[in-house]
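Under our numbering, the first residue of the sequence shown carries the number 16, and numbering increases by one thereafter.
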Amino acid sequence: MADRYLNKANTFLNEGKSKKAENFYKKALAAAVHAPYVYGVVGKYYFDQGRYLDAAYIFESGTKSCSGGTQLFAIPWANALFRSGNAEKAGSVLRTYQMPVNAKPQLKTEVAALQRSIDFGRLIGYNKHNVKVVNLGDSVNSAEDDYFPSFSVLSNDLIFTRRSAGVNEDFFITRLDSCGVWSRSADLGFPLNSPNPEGAQIRSFNEKYMIYQKCDNRSPNGWEMGGCDLYLSYATAKGWSTPRPFGYTINTTAFEGMPALSTDETALYFVSNRPGGYGGKDIWVSYFKEGYWQVPENLGPEINTDKDEMSPVIAADNKTLFFASNGHTGFGGYDMYEAVRQADGKWTKAMNLGTPINSTDDEFCGTVTIEGNTLYFASNRAGGFGGLDLYKAELPQHLKPLPMAILYGLVTDYETESQLSKATITITDLVREKVLYTLKSNRGDGSFYATLPAGNRYGLAINHNYYKSWTDTITLSTLRVMDTLQCRLVPEGYVPNKKNIVLLTLNMKDSALLRNDSFCIAISRALKPYSGKIVGLEMNSYVGLTDTGLLHDYSKVLKECLYKIGVTEEYLTNNVWELSQNAAFPEENKQETGIVSFTLEYIE
């Protein structure tokens with residue numbers, strides 16, 4: 016009778032009718048109160064449903080009702096208790112288990128791993144961080160599984176995967192408005208979504224292309240593509256291009272998916288169970304050199320284990336890696352971890368992100384914001400809208416990657432304003448006197464971008480055949496993520512018209528201008544429309560007998576301000592007009608005292 020009930024329960028479960036399945040599992044227990052295998056099947060059902068307390072109750076009942084139950088159910092009972100958050104009791108139960116003399120290595124490994132996790136769980140106070148975890152809400156999440164989020168700093172949107180009916184996977188998109196509210200998620204549509212399942216994806220920072228996972232693939236020769244492979248799609252004026260698979264260097268007959276792309280687009284991280292790994296799914300990386308993606312390299316034992324490593328995310332600093340694993344010591348299921356690549360190329364030991372970011376349920380990584388503060392991820396923890404939901408969390412200070420900013424530029428012809436492709440852009444760290452990037456402007460629209468540590472001063476040099484060299488100095492913190500640096504190259508032999516304009520007039524006696532960067536902000540805003548066109552800046556100060564100190568303060572702040580925004584002293588002319596008892600201003604320069612006037616000479 017118990018077997019018949021179990022068969023009916025399994026049938027209902029396969030049909031997605033979990034409530035009816037549960038009723039028959041209960042009937043099976045009532046029909047065979049001393050049968051160990053029934054407790055094992057029913058307990059596993061509750062465990063797989065994430066109902067760990069119910070699973071622990073079933074396994075505990077089995078220890079009392081079945082002969083030899085303490086030995087039979089100690090491991091699953093301890094595991095269920097641990098996943099329910101009761102590490103202390105889980106440890107007590109596991110200590111009752113007697114390891115058989117002829118135990119298989121796999122069993123010994125399983126018990127040892129559970130013991131490590133229990134010990135780790137006991138340190139929950141040490142591993143708990145004072146951060147807030149927020150569900151993205153019902154406009155984003157659904158009753159289905161929602162996971163693998165990818166956030167764009169340019170469009171302020173989030174693309175993620177939704178699994179419908181437990182089978183098909185498609186991409187959905189939601190946008191964050193200026194009030195911090197997410198729009199209702201919508202299907203991303205054709206051609207990215209297809210009858211095949213589409214899994215994790217990553218867009219380049221300039222949103223020119225997307226790399227993503229596509230499954231249920233078939234290929235005539237069985238080589239270029241396996242069950243799940245990586246595909247690439249370009250952004251066009253009409254939308255995304257028809258996806259094309261990566262070649263055999265990346266894709267194999269094994270699983271390839273869950274891509275992560277470095278911001279300089281030279282390193283592609285992904286997940287694969289190809290031969291040569293440490294077991295299960297591992298994280299690999301391929302480097303782009305000399306126009307080709309190279310043979311992938313395994314990230315090694317600091318990252319990969321004999322179980323599964325999933326959902327890699329490389330931060331904008333290109334050295335901080337976040338990923339999920341069920342092989343490293345954690346709180347149960349899949350937890351999220353961080354590792355940092357050192358100067359010698361080796362990775363630090365994976366560090367658990369702690370609670371409340373991780374839980375006793377499953378967590379999978381998604382994306383880290385460019386400034387390194389916020390992590391978007393997926394979890395099936397209690398309190399969601401069903402299955403896996405999307406969450407965000409502020410990272411603890413010691414886990415934050417280096418804050419970065421995007422330098423986004425556009426190279427154009429000064430006269431015609433046409434876009435210039437294949438211009439060479441050199442970006443230099445002026446403090447360390449080190450070249451950081453040598454780039455080419457995009458052949459489609461003349462654009463370029465680079466992610467750089469925020470707050471530093473950088474030198475830019477742009478060269479193109481038949482054009483004069485273009486140079487500038489910027490402090491990246493003065494550019495918002497969406498700002499575009501206009502780089503207008505003057506053709507060789509072109510003589511531009513120069514113009515003068517009174518840019519700004521300030522009252523030195525207004526002491527508030529010297530506080531809270533008000534003076535610097537005013538200058539920066541006034542100069543912004545003339546970026547790349549400045550020939551010189553003339554400062555005319557009209558001072559009386561008591562204005563000398565104010566003039567000194569203004570001159571000091573002005574130099575500091577201009578230095579920050581990339582206008583060096585060679586551009587500045589400082590004229591001082593003094594009014595004494597026996598002298599007057601020149602007739603053409605009459606002003607009341609205490610006034611500073613800025614005249615800009617610029618290229619039209």
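Here a beta-carbon is modelled for each residue, glycine too, at the ideal position from N, C-alpha and C.
Asked: Of the listed residues Leu519, Leu475, Arg178, Lys415, nearest to Gly424 (C-alpha basis); Found: Leu475
Asked: Sufficient close CB pairs (3 or more, under 8 Å) joining the stretch 429 to 443 to the stretch 396 to 412; Found: no
Asked: Cβ-Cβ separation, Phe346 to Ala370 (assumed contact under 8 Å), whole Å; Found: First, the amino acid is wrong: residue 370 is Thr here, not Ala. With a Cβ gap of about 7 Å, Thr370 and Phe346 count as contacting.
Asked: Close beta carbons around Asn604, own chain, < 8 Å, minus the five adjacent residues each side; Found: Because the pLDDT of Asn604 is 46, which lies under 50, any placement of that residue in the model is unreliable, and the number read from its coordinates should be weighed accordingly. Excluding residues within five positions, the ones whose Cβ falls inside 8 Å are Asn555, Tyr557, Trp592.
Asked: Alpha-carbon to alpha-carbon, Lys119 and Leu634; Found: The question about residue 634 has no answer here: the residues shown for the chain are numbered 16 through 619.
Asked: Ala46 - partner residues in DSSP beta bridges; Found: Ala46 is not bridged to any residue.
Asked: In DSSP terms, what Trp308 is bridged to; Found: Phe303
Asked: Assigned exposure category for Pro274 - 16 Cβ within 10 Å defines buried; Found: buried
Asked: Segments assigned alpha helix (DSSP H), at least 4 residues, entirely inside the stretch 220 to 290; Found: none
Asked: Closest residue to Gly360 among Gly381, Asn341, Asn333 (Cα-Cα distance); Found: Asn333
Asked: Residue burial classification, Lys143 (beta-carbon count within 10 angstroms, cutoff 16); Found: exposed
Asked: Other residues of its chain near Thr335: CB distance less than 6 Å, five sequence neighbours each side excluded; Found: Val355, Pro416
Asked: Per-residue DSSP class, three states only, for Leu28; Found: helix
Asked: Contact check, Met419 vs Thr466, beta carbons under 9 Å; Found: yes
Asked: Supposed close pair Gly214, Phe166 - CB separation, criterion 8 Å; Found: Wrong, their Cβ atoms sit about 17 Å apart, outside the cutoff.
Asked: Phe135: first and last residue of the uninterrupted alpha helix (DSSP H) it sits in; Found: 120 to 137
Asked: Alpha-carbon to alpha-carbon, Lys455 and Gln216; Found: 25 Å
Asked: Gly348 vs Asp321 beta-carbon contact at 9 Å; Found: no
Asked: Stretch-stretch touch, CB-based, cutoff 8 Å, three pairs: the stretch 224 to 232 with the stretch 267 to 281; Found: yes
Asked: Three-state secondary structure assigned by DSSP to Ala215; Found: strand
Asked: Residue-level contact to chain B via CB, Ala408, 9 Å cutoff; Found: No chain B appears in this structure, which consists of one protein chain only.
Asked: Cβ contact check for the stretch 75 to 84 and the stretch 46 to 54: 3 or more pairs under 8 Å; Found: yes
Asked: 7 Å CB neighbourhood of Asn319 in its chain, flanking five on each side removed; Found: Gly292, Tyr293, Asp297, Ile298, Asn313
Asked: Proximity below 9 Å, CB of Phe613 to CB of Cys576; Found: no
Asked: Alpha carbon of Pro206 to alpha carbon of Asn29, nearest angstrom; Found: 31 Å
Asked: Extent of the continuous alpha helix (DSSP H) to which Ala105 belongs; Found: 102 to 109
Asked: Spatial distance of Pro258 from Tyr249 (CA atoms); Found: 8 Å
Asked: Candidates Thr441, Leu96, Lys449: closest to Asn478 by CA position; Found: Thr441
Asked: Spatially closest choice to Gln501 from Lys513, Lys514, Gly508, Trp485, by CA coordinates; Found: Trp485
Asked: Cβ neighbours of Tyr246 in the same chain (closer than 8 Å, five flanking residues each side left out); Found: Ile226, Tyr227, Gln228, Lys229, Pro258, Arg259, Pro260, Phe261
Asked: Coarse secondary structure for Thr499, derived from DSSP in three states; Found: coil
Asked: Test item: CB-CB of Tyr302 and Leu276 under 9 Å; Found: no
Asked: Cβ-Cβ distance between Leu573 and Ile538 below 9 Å; Found: yes
Asked: Gly387, DSSP secondary structure in three states; Found: coil
Asked: Residues of its chain near Tyr40, where Cβ-Cβ distance is below 6 Å and the 5 sequence neighbours each way are ignored; Found: Ala24, Val57, Tyr60
Asked: Neighbourhood of Asp460 by C-beta, 7 Å cutoff - its chain only, sequence neighbours within 5 removed; Found: Gln434
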